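For reference, the structure is listed below as structure tokens.
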Amino acid sequence: MKELGTALGVVAGVGLLQACGSSDGSSATLDVKAKQMLYLPNDMDIDNLDSQSQRSVAGFNELTYEKQRYFIDSKRPEQNILLHLLFNARSDNTEFSKEYFDLWITYQLLNSFVLAMGDELDTVSSARINTHIEMIRTSVEHNESVKSLMLDYFMSDIFWARFRSPEDNGREVFEIYLGDFRDEIVPVVAKILQNYSFNEDQGTLEIDSFNRNAELQNIDGTQLTTPYQLYSYVVNHKQFLPHIYKHIVKSLYGYEANNVIQSMSSKGLTTFREIFIEALTHPSLKKVKRAKYPEEILFPALKALNSHLRRYDIRELANITAQIGSQPLFSKLERSTPDWNSLNTALMSAFNDSRIPKEMWDTGNNYSWGISQNEFLKLYQYTEAPEALLTELHRKIWGTEGVQYDESFITHLNSSGRTGKSLIILAAQIVTMNYSEYNFQ
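Residues 53 to 493, numbered by my numbering, are exactly what the sequence shown covers, in order.
Structure follows, in structure tokens:
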């Protein structure tokens with residue numbers, strides 16, 4: 053199977069990993085593409101993003117999480133958050149938990165221009181990233197306003213670890229959050245921020261009480277003196293929320309979907325929850341064509357099959373994201389788009405093939421991993437017809453009804469000599485990588 057995956061990766065290239073979502077409104081049933089972006093399988097019902105249960109105990113696999121957590125790298129916060137995103141909201145649960153959605157929103161913000169925290173910087177430690185994650189997640193849980201969270205963020209040492217001098221900080225806050233690229237504004241903003249500096253040795257924001265700016269500084273007719281006044285000016289600027297909308301939409305859609313941004317503006321959305329719900333339920337989501345991230349490929353399949361990973365697998369997945377140039381929580385600006393060249397596609401295919409290989413024989417054993425027995429029982433009825441098996445697995449994971457796989461896959465399954473569980477595993481390995489999206493000539 054690995055040979056097939058590698059060969060197909062060379063033939064198909066980037067075409068494999070193109071992402072396809074519902075009517076406007078938070079109560080709409082989520083479209084296929086929205087579920088993929090949420091790292092969820094198609095057969096998990098989500099009717100309302102705005103009224104999840106506060107905490108769905110059945111939706112979080114506590115036992116498996118406890119077995120896995122001791123084998124992740126404590127110095128890599130992205131491994132912790134990936135582990136939680138995987139073991140929350142599994143397909144055998146009927147509720148979509150608020151806890152999962154809060155965590156997913158936090159993860160998206162950490163990888164966007166809005167609240168990125170770059171592990172690439174020497175000034176950013178794992179402890180600082182964990183603090184940053186907690187700040188965002190708590191704000192999202194309480195549905196605080198975007199302006200309130202961002203004002204606190206700008207005033208914190210976490211933000212100053214990202215942009216460390218008054219000149220750099222002032223320039224970036226205007227460029228990223230207001231779209232204002234005027235060079236002449238930088239000296240004015242730097243003057244207001246002159247008593248703020250980042251101590252790289254201590255990793256803290258230092259405020260010099262004896263170097264305060266005492267002169268009124270004019271920015272487009274507004275007189276400002278202190279950093280708090282400056283940042284308050286930014287978050288209350290008429291361009292601030294539209295730029296927040298733009299950064300979030302671009303990170304999800306892969307481009308600036310102006311009609312989605314305009315819809316958010318016309319509705320006056322003020323919290324991150326509202327913004328992400330609008331992005332996930334807007335009709336324009338159906339038009340999105342962008343490369344998927346590794347977790348968008350692997351997590352829906354694992355959840356659909358109620359499959360448990362082996363020890364160290366989250367660590368290896370995180371290493372793959374680095375290999376393809378798209379490591380989460382890494383950049384101080386935004387997460388890079390995956391580079392799905394032939395080598396990286398084959399690497400992801402081999403990773404998937406080795407993680408969906410057998411039946412999980414004992415859920416209580418610390419070393420047991422694989423596909424849940426219940427999922428095998430559901431799929432047995434399709435094993436007499438490989439084409440039907442591929443179609444059902446595709447519907448279950450990716451949501452497309454009646455998808456037709458190329459005849460080469462049917463031939464491969466028929467000639468493999470496999471039956472029963474072994475045949476199901478081979479079909480699952482093919483469907484997980486979504487090979488049906490290859491364009492065969």
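We put the CB at the ideal spot given by N, CA and C, even for glycine. Small disclaimer: the values here were computed from a predicted structure and weren't measured.
Judged by beta-carbon spacing, Leu-245 lies within the 8 Å limit of Leu-282, meaning their Cβ atoms are closer than that value.
Beta-carbon to beta-carbon, Ser-164 and His-360 are separated by about 30 Å, too far to satisfy the 8 Å threshold.
In the DSSP annotation of this structure, the continuous segment of the beta strand (DSSP E) that includes Ile-271 starts and ends at 269–271. Taking all protein chains in view, the Cβ of Asp-365 is crowded by 16 or more other Cβ atoms within 10 Å, so the residue is classified as buried. For the 8 Å CB-CB criterion, Ser-315 and Glu-172 do not form a contact. Rounded to the nearest whole angstrom, the C-alpha separation of Pro-129 and Ser-468 is 41 Å. Within its own chain, the residues whose Cβ lies closer than 6 Å to the Cβ of Gly-377, once the five positions on either side in sequence are excluded, are Ser-388, Asp-391, listed in chain order.
Assigned with DSSP and collapsed to three states, Asn-251 falls in strand.
Taken in chain order, the whole alpha helix (DSSP H) runs of length 4 or more contained in the segment 215–263 are 218–230, 237–244. In the three-state scheme derived from DSSP, where H, G and I count as helix and E and B as strand, Ile-349 is classed as helix. Measuring C-alpha to C-alpha distances from Thr-277 to each of Leu-350, Phe-123, Ala-242 identifies Ala-242 as the nearest. When the five nearest sequence neighbours on each side are left out, the beta carbons in the same chain lying within less than 6 Å of the beta carbon of Asn-396 are those of Ile-376, in order along the chain.
Rounded to whole angstroms, the Cβ separation of Ala-479 and Leu-445 is 6 Å, and the two are in contact under 8 Å. Between the alpha carbons of Phe-428 and Met-96 lies a gap of roughly 17 Å. Between the segment 203–219 and the segment 253–262 there are three or more C-beta pairs closer than 8 Å, enough to call the two in contact.
Between Ile-327 and Leu-321, the C-beta gap is smaller than 8 Å, which places the two residues in contact.
It is roughly 9 Å from the alpha-carbon of Leu-337 to the alpha-carbon of Asp-83. Leu-337: not part of any alpha helix (DSSP H); DSSP gives it neither H nor E.
The C-alpha of Lys-355 is placed about 23 Å away from the C-alpha of Leu-465.
The three-state secondary structure of Thr-274, taken from DSSP, is strand. Here the alpha carbon of Leu-137 sits roughly 12 Å from the alpha carbon of Met-89. Residue Phe-461 holds the alpha-carbon nearest to the alpha-carbon of Glu-439 among Phe-461, Arg-121, Arg-362, Arg-264.
With respect to the C-alpha of His-289, the residue from Phe-226, Lys-339, Arg-264 having the closest C-alpha is Phe-226. Ser-284 is positioned such that its CB atom lies no closer than 8 Å to that of Asn-358. Shown here, Ile-477 sits in a helix according to DSSP, grouped into three states. A distance below 8 Å separates the beta carbons of Pro-346 and Leu-369. Where Phe-153 is concerned, the enclosing alpha helix (DSSP H) starts and stops at 150–162. When only Cα atoms are considered, Thr-373 and Asn-265 end up about 44 Å apart. If you keep only unbroken alpha helix (DSSP H) runs of at least 4 residues inside the segment 378–464, you get 394–407, 425–431, 438–450. The alpha-carbon separation between Gln-269 and Asp-235 amounts to approximately 16 Å. Comparing alpha carbon positions, the residue from Leu-304, Tyr-297, Ala-309, Val-340 closest to Lys-319 is Tyr-297.
Going by C-alpha positions, Tyr-248 is about 28 Å away from Pro-294.
When DSSP states are grouped into helix, strand and coil, Ser-197 belongs to the strand group. Short of 8 Å from the beta carbon of Thr-484, and not among the five residues preceding or following it, lie these beta carbons of its own chain, in chain order: Ile-349, Leu-350, Ala-353, Asn-404, Ile-408, Ile-449.
Leu-167 is the residue among Leu-167, Gln-456, Ser-200 whose C-alpha sits nearest the C-alpha of His-184.
In the DSSP assignment, Tyr-280 falls within the alpha helix (DSSP H) that extends over 279–287.
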